[in-house]
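Participant:
In full-length UniProt numbering, the protein residues as written are 1 to 414.
(1) Have a look at 262, 287 and 381 and flag the residue whose alpha-carbon is nearest the alpha-carbon of residue 77.
(2) I want to know whether the region 8 to 20 touches the region 31 to 40 - three or more CB-CB distances under 8 Å.
(3) Given this structure, state the Cα-to-Cα distance separating residue 341 from residue 360, to the nearest angstrom.
(4) In the DSSP output, which residue or residues are listed as bridge partners for residue 406?
(5) Cα separation between residue 102 and residue 403?
(6) Tell me where the beta strand (DSSP E) around residue 126 begins and ends.
(7) State the DSSP-derived secondary structure class of residue 162, mapped to helix, strand or coil.
(8) Taking 8 Å as the cut-off, decide whether the C-beta atoms of residue 221 and residue 56 are in contact.
(9) Is there a Cβ of chain D sitting closer than 8 Å to that of residue 146, yes or no?
(10) Throw me the rounded Cβ distance for the residue 414 and residue 274 pair, which I believe falls under 8 Å.
(11) For residue 327 versus residue 346, is the C-beta spacing smaller than 8 Å?
(12) Secondary structure at residue 228, three-state DSSP: helix, strand or coil?
(13) Alpha carbon to alpha carbon, what distance is there between residue 315 and residue 297?
(14) Are the region 356 to 370 and the region 249 to 267 touching by the rule of at least three beta carbon pairs closer than 8 Å?
(15) Taking buried to mean at least 16 other C-beta atoms within 10 Å of its own C-beta, is residue 11 buried or exposed?
(16) Count the other CB atoms, across all protein chains shown, that sit within 10 Å of the CB of residue 135; report buried if there are 16 or more and exposed otherwise.
(17) Which residue wins for smallest C-alpha separation from residue 392, given the options 279, 243 and 79?
(18) By Cβ distance, which residues of its chain are closer than 8 Å to residue 246, with the 5 residues on each side in sequence left out?
(19) Counting only the same chain and skipping the five closest in sequence on each side, list residues whose C-beta sits under 8 Å from that of residue 69.
(20) Going by DSSP, which residues form a beta bridge with residue 28?
(21) What residue range is occupied by the uninterrupted alpha helix (DSSP H) comprising residue 200?
(22) Between residue 279 and residue 98, is the Cβ-Cβ spacing less than 8 Å?
(23) Give me whichever residues DSSP pairs with residue 374 in a beta bridge.
(24) By alpha-carbon positions, which one of 380, 80 and 265 ends up nearest to residue 295?
(25) Have a look at the DSSP bridge pairing and note the partners of residue 315.
(26) Residue 240 lies in the alpha helix (DSSP H); which residues open and close that run?
(27) Take the Cβ of residue 152 as the centre, count every other Cβ of all protein chains shown within 10 Å, and call the residue buried at 16 or more, exposed below.
(28) Count the other CB atoms within 10 Å of the CB of residue 389; is the residue buried (16 or more) or exposed (fewer)?
(29) Using the Cα positions of residue 399 and residue 44, report the straight-line distance between them to the nearest angstrom.
(30) Give me the Cα-Cα distance between residue 363 and residue 352, rounded to the nearest whole angstrom.
(31) To which residues does DSSP link residue 277 through a beta bridge?
(32) According to DSSP, simplified to helix, strand and coil, what is residue 391?
(33) Could you spell out the range, first to last residue, of the alpha helix (DSSP H) harbouring residue 185?
(34) Which partner residues does residue 207 have in the DSSP bridge list?
(35) Tell me the DSSP secondary structure of residue 365 in three-state form.
(36) Please confirm if the region 182 to 190 is in contact with the region 131 to 147, defined as three or more CB-CB distances below 8 Å between the two stretches.
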């Protein structure tokens, strides 16, 4: 039995809520896999019958299992869920995708497909409108990149570029659903998310209910369930924001964890009896500092033959002139030699499938020629590409450590 993965969560929740899931393209979770997962997780009965009660999937941005376990004394509700999960599949944990970053992970959750299939392979990538044939005299610059969170600038249509159907696009109401039933699924989060680039790429197909305050979201979820919506996706981003700005060990992060815990207690109190709640996260986080910051412009041997830099400081994507495989292999070898134990893995685009899943056309058009996953709490920054705020950010993620890759998978029932 394989360990639970983030790509299974939304699909399993959908079929567990009694919704029909159509099969998607190659690389996406199948309906049969979703049903098997739902049964394994107790969302369907032994006879493969869906439980008629609704399901709420709570996605807490930036809440790694390691962080939750270390700070569980401040979260009595989640601490109880952790204890209950000890005997469940995965023991209350799941793996996120590579890289362990929001754009990649939310799309993996939303589509049931890995980043190699969706093309959502990092915080930012080389803009597909630019092409890969960059000459040797090109200097890395922020304008080369497409941010897969904001989709600002010369961006392609996110629906067309990320064309793997979402789980929301693949579901339909049960055959006996009332004709006047509200949509089979809703998403809940900040109002600005409606129609955003990342929403269109990762989570399109569900009606969005805007709630800028975390405390307002449980009520919206309860109201939707009482109206007959079987599946609710509820997003919490406050911990991730606090971690990026102050570090996850800060009092600011802890305050947001306490708010989350209170919100989850309120959610269970307000939803209809029998409602199942699945709580997970897109990634964890590590805290870094200036002593563990490598400035690419100060290392000529690392900067040589690098004509563009994307990804994130914990999972850099490097582009070489004309995407030449020999140049990429040479750059990868230099980075391994120079960085030594400060890196967990350095690979070329040809080696990336083992990490991000089989690589489709979208990923192949933008993925770095060299990928660099940092160890411990090291980061690589480039002031020509990264803003001063991004460089100084204490809380970071994207790499392959347990603190970033292992996320909670907790279940509760009202």
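Ideal placement from N, C-alpha and C gives every residue a C-beta, glycine not left out.
Facilitator: This is what the structure gives:
(1) 262
(2) yes
(3) 31 Å
(4) 95
(5) 15 Å
(6) 124 to 126
(7) coil
(8) yes
(9) Here there is only one protein chain, and chain D is not present.
(10) 6 Å
(11) no
(12) coil
(13) 17 Å
(14) no
(15) buried
(16) exposed
(17) 243
(18) 252, 253, 394 and 395
(19) 82
(20) 113
(21) 197 to 202
(22) no
(23) 343
(24) 380
(25) 312 and 373
(26) 238 to 246
(27) exposed
(28) exposed
(29) 34 Å
(30) 10 Å
(31) 56 and 412
(32) helix
(33) No alpha helix (DSSP H) holds residue 185; the beta strand (DSSP E) holding it covers 185 to 189.
(34) 186
(35) helix
(36) no
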